[in-house]
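Single-structure report; data block below.
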Amino acid sequence: MTTIVVGYVPKPEGEAALGRALEEAALRDARIVLVSSTRGDHVDTDVDAARARLESAGVDHEVRVSTSAFDPAEDLLAVAEEVGADLIVIGLRRRTPVGKLLLGSNAQRILLDAHAPVLAVKVA
Numbered sequence: 001m002t003t004i005v006v007g008y009v010p011k012p013e014g015e016a017a018l019g020r021a022l023e024e025a026a027l028r029d030a031r032i033v034l035v036s037s038t039r040g041d042h043v044d045t046d047v048d049a050a051r052a053r054l055e056s057a058g059v060d061h062e063v064r065v066s067t068s069a070f071d072p073a074e075d076l077l078a079v080a081e082e083v084g085a086d087l088i089v090i091g092l093r094r095r096t097p098v099g100k101l102l103l104g105s106n107a108q109r110i111l112l113d114a115h116a117p118v119l120a121v122k123v124a
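Right, here's the structure in full:
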């Protein structure tokens with residue numbers, strides 16, 4: 001069975017990535033592994049909405065919430081490697097050059113370091 005790993009944040013780019021992952025899962029009869037990274041002791045309750053969306057779509061899925069010290073890109077890449085992802089889906093948003101410089105780019109890291117094809121979904 002094909003496995004799609006999707007990076008999820010409770011923002012428009014995360015919702016866009018999840019929507020596209022659901023479309024790809026339907027096309028490929030695939031399983032989705034949703035990865036959401038949070039920092040510290042707070043586990044993001046917004047993941048429940050994503051879980052409900054996956055369940056209502058009837059897609060075989062797994063939800064992983066990471067609270068590790070790694071950055072989100074590292075979390076996503078580690079899960080993709082572990083499950084043998086056939087496709088990684090991420091959402092992108094427009095950032096200023098200064099924002100990219102100060103904060104780094106998780107998307108760029110995923111695109112460059114992933115061992116599976118990456119589908120980047122742009123949020124308008």
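Per full-length UniProt numbering, the very first residue in the sequence shown carries number 1; after that it's consecutive. The beta carbon of each residue, even a glycine, is placed where N, CA and C say it ideally should be. What you are looking at is a predicted structure, and each value in this text was computed from that prediction instead of being measured.
Item to check | Helix, strand or coil at arginine 93 [DSSP, three-state] | outcome: coil
Checklist entry - Where does glycine 14 fall in DSSP's three states? => result helix
Next on the checklist: In whole angstroms, give me the CA-to-CA distance for alanine 50 and leucine 18.
Outcome noted: Per the coordinates, the alpha-carbon of alanine 50 lies some 8 Å from the alpha-carbon of leucine 18.
Checklist entry - Around the C-beta of glycine 58, are 16 or more other C-beta atoms found within 10 angstroms, so that it is buried, or is it exposed? => result exposed
Checklist entry - Taking the Cβ atom as the reference point for each residue, do alanine 107 and leucine 92 lie within a distance shorter than 7 Å? => result Cβ atoms of alanine 107 and leucine 92: closer than 7 Å.
Next on the checklist: Looking at threonine 3: is its Cβ nearer than 7 Å to the Cβ of alanine 73?
Outcome noted: no
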